Amino acid sequence: MAQNHSLDLNELRTRAKQLDLDFVELGTKEIDPQVFDVFSVEDALRLTAAPFRGADGKVHIAICDPGNLFLENQLCRLAGGDVDLAVAERKEILAYLRLADSGGQVLRNVAHDFQPELVRETGTGDEEVVDLASVVGETGVVRLLNSVLMAALEKQVSDIHFELSAHRLDLKYRIDGILRPATDHIDATHHEELVSRIKVLAELDIAEQRIPQDGRFRMRFDGREIDFRVSVLPTQFGEDVVIRILDKAHLAEDGKALSLDGLGIAQADLAVLRREVRAPYGLMLITGPTGSGKTTTLYGALGEMNDGGQKIITIEDPIEYQIANVAQIPVNEKKGLTFASGLRSILRHDPDKIMVGEIRDRETAEIAIQAALTGHLVLASVHANNTLDVIGRFTHWGIDLHDFVAALNSVFAQRLFRRLCAQCKKPAPLVLKRKTAADRPTYEARGCVTCSGTGYRGRLAALEHLIVDPEISELIVNRSIFGALKDARERKGMRQLEDAARDLVTDGLISEAELARVLGDS
59 MAQNHSLDLN ELRTRAKQLD LDFVELGTKE IDPQVFDVFS VEDALRLTAA PFRGADGKVH
119 IAICDPGNLF LENQLCRLAG GDVDLAVAER KEILAYLRLA DSGGQVLRNV AHDFQPELVR
179 ETGTGDEEVV DLASVVGETG VVRLLNSVLM AALEKQVSDI HFELSAHRLD LKYRIDGILR
239 PATDHIDATH HEELVSRIKV LAELDIAEQR IPQDGRFRMR FDGREIDFRV SVLPTQFGED
299 VVIRILDKAH LAEDGKALSL DGLGIAQADL AVLRREVRAP YGLMLITGPT GSGKTTTLYG
359 ALGEMNDGGQ KIITIEDPIE YQIANVAQIP VNEKKGLTFA SGLRSILRHD PDKIMVGEIR
419 DRETAEIAIQ AALTGHLVLA SVHANNTLDV IGRFTHWGID LHDFVAALNS VFAQRLFRRL
479 CAQCKKPAPL VLKRKTAADR PTYEARGCVT CSGTGYRGRL AALEHLIVDP EISELIVNRS
539 IFGALKDARE RKGMRQLEDA ARDLVTDGLI SEAELARVLG DS
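The numbering of the sequence shown is the numbering used here, which starts it at 59 and goes up by one.
Here it is, written out as structure tokens:
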């Protein structure tokens, strides 16, 4: 593919002006398939050049490297004559071409350009790079899987699903929490070889097809180290596979330290969360369903407190991202290392701050509470629907409520909402609008090149919080009905999840349809 010369937006505009070329925003352009009669989508992707229909009805070609005479000569040769050039951002050109390649054929054809390295640990704990061709020969299925991984990284996919039915194999990507088809279905005859390839990478048993298997592998590509977690599940038609992508570089972009900034949390909620993270001791809990961003928020919190002057230890199942200057312990129940036993060991290791990936049972809860009572700050996640349900979870475990409220600083509930694409969002019809104090319109999704036709780009977090003060403590210890706790929280200005999400609608950041999808009719 063409080289990326990494001009920033201002430099790109200046260069276009100097060369008397128009600067265009491809996100506003509709794709006319006929423009690719000039040259193929595959050539366009290889050269990072996007043909589009201009206002004058002619075909123009947007490039991100104006002044590159070699590129211009290649374009003229492919087009069979002179071309009308324009300038656009590289990311917009790639998004435009991905949308034009709706069938995914280009990604399959250029898979040979994607050359990842398989990284494995040796018995001594060192790393070795394994030649992928020696693991499994360079077959069509190998190239297919490489193209699937390449496309997933380009699109910032969180999970890849291979779903087998009676006559075909469907490939789906989870993007911003939504599962959608990645390409045309794959012939089911490739299924067994494709699953075997994935099992070899994850060091799973190829011969075993009757029981679930879990594994992981790590690849290094273009300076980025990416972990892949693999789940293989037998179904009535054969084995389904899900690959979760854990891209460390994406979580901490450009090598910056992890922090709570950039996680899409509203400033008012961020201020409360940041204050609790900086507490000297106590227990801070975060809750929400799977996929609600709890782990990312906890990692952001660890990044904020990771100043090198304190001992920070985590216990996780599994470790999703490696953090410098933090001791991270992976749960290994087969060898007797559980959350509870690991947490006991951590307390003997002189920690200042502790992060528990998940509190699942009474034993772990009791140890976490004792750690918080003895001068440590403990951050942990718990599965529950909202902040008040967390109280019910601990009560159900039979935890001593006096110790619990003495240790507990705060509880946060979190949900993720897809952010409306700023390039194409449009005012919602009057029938969907609800009047607000600011009397501002709501917006809905439309779809454009920038957002790959979905109408959404990225995600935002809404937080509900419960800060424990003497009144809240007394209500919990006295096992007051949740209505009393809810009233006290609202009186003290602690917002509910629905209110936080409604503010995102009012601010034009998410749609009412998205709010209803995540929270139901609220």
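Glycine included, each C-beta is placed from N, C-alpha and C at the ideal position.
If you're wondering where the values come from, they're calculated on a predicted model, not measured in any experiment.
Using DSSP's beta-bridge definition, name the partner residues of residue i.
| i | result |
| --- | --- |
| T345 | V440 and A471 |
| R547 | Per DSSP, none; premise fails for R547. |
| N390 | L395 |
| L446 | The partner list for L446 (beta bridge, DSSP) is empty, contrary to what the question assumes. |
| T500 | DSSP lists no partner for T500. |
| F540 | DSSP output for F540 lists no bridge partner at all. |
| Q271 | V290 |
| D142 | H118 |
| K230 | H219 and P239 |
| V414 | I373 and A438 |
| P109 | I119 |
| F81 | V145 |
| V299 | F220 and V290 |
| P485 | Y501 |
| G340 | L435 |
| F279 | R282 |
Would residue i and residue j qualify as a contact pair, given that the criterion is a beta-carbon distance under 8 Å?
| i | j | result |
| --- | --- | --- |
| V145 | L79 | yes |
| G516 | D234 | yes |
| G340 | L405 | no |
| R498 | T396 | no |
| V330 | E362 | no |
| G552 | I525 | A small fix is needed here, since residue 552 is Met in this sequence, not Gly. Yes, they are a contact pair. |
| A465 | I425 | no |
| I568 | R477 | yes |
| I427 | D461 | yes |
| I301 | I236 | no |
| L328 | I344 | no |
| D285 | L262 | no |
| K369 | D410 | yes |
| V96 | F110 | no |
| A559 | F475 | yes |
| R238 | S216 | no |
| L77 | G139 | no |
| E147 | L70 | yes |
| L207 | F295 | no |
| V290 | E283 | no |
| D155 | Q132 | Note on residue identity: the sequence assigns Leu, not Asp, to residue 155. No. Outside cutoff. |
| T372 | M342 | no |
| A209 | A240 | yes |
Hey, residue i and residue j are a contact pair by Cβ (cut 8 Å); roughly how many whole angstroms apart?
| i | j | result |
| --- | --- | --- |
| A120 | A137 | 14 Å between Cβ atoms; not a contact. |
| G358 | L401 | Actually they are not in contact, since the Cβ atoms of G358 and L401 sit about 22 Å apart, beyond 8 Å. |
| G320 | L518 | About 11 Å; that fails the 8 Å criterion. |
| R274 | V288 | 6 Å |
| I151 | C122 | 6 Å |
| A486 | T500 | 5 Å |
| S439 | E421 | About 17 Å; that fails the 8 Å criterion. |
| C506 | T247 | Rounded, the Cβ-Cβ distance is 37 Å, inconsistent with contact. |
| E522 | Q554 | 5 Å |
Could you compute how far the alpha carbon of residue i sits from the alpha carbon of residue j?
| i | j | result |
| --- | --- | --- |
| I530 | L437 | 20 Å |
| L490 | A574 | Because the pLDDT of L490 is 47, which lies under 50, any placement of that residue in the model is unreliable, and the number read from its coordinates should be weighed accordingly. Approximately 12 Å, taken between the alpha carbons. |
| S254 | A423 | 40 Å |
| F220 | V299 | 5 Å |
| L562 | E212 | 27 Å |
| N536 | V389 | 36 Å |
| A74 | V141 | 16 Å |
| E502 | V576 | 15 Å |
| E251 | T353 | 34 Å |
| Y514 | C479 | 5 Å |
| F81 | K483 | 22 Å |
| I457 | G566 | 43 Å |
| K314 | L67 | Bear in mind that a pLDDT of 48 at K314, under 50, signals an unreliable position, so the number given afterwards is only what the model happens to contain. C-alpha separation (whole angstroms): 21 Å. |
| G578 | E556 | 10 Å |
| H225 | D245 | 8 Å |
| E100 | L84 | 18 Å |
| V117 | Q214 | 31 Å |
| P38 | P347 | The question about residue 38 has no answer here: the residues shown for the chain are numbered 59 through 580. |
| G162 | A153 | Because the pLDDT of G162 is 48, which lies under 50, any placement of that residue in the model is unreliable, and the number read from its coordinates should be weighed accordingly. The straight-line gap from Cα to Cα measures roughly 13 Å. |
* the stretch 444-455 in contact with the stretch 467-482 per 3-pair CB rule at 8 Å -> yes
* Asked: Hey, is the stretch 382-395 in contact with the stretch 446-466, meaning 3+ C-beta pairs nearer than 8 Å?
  -> no
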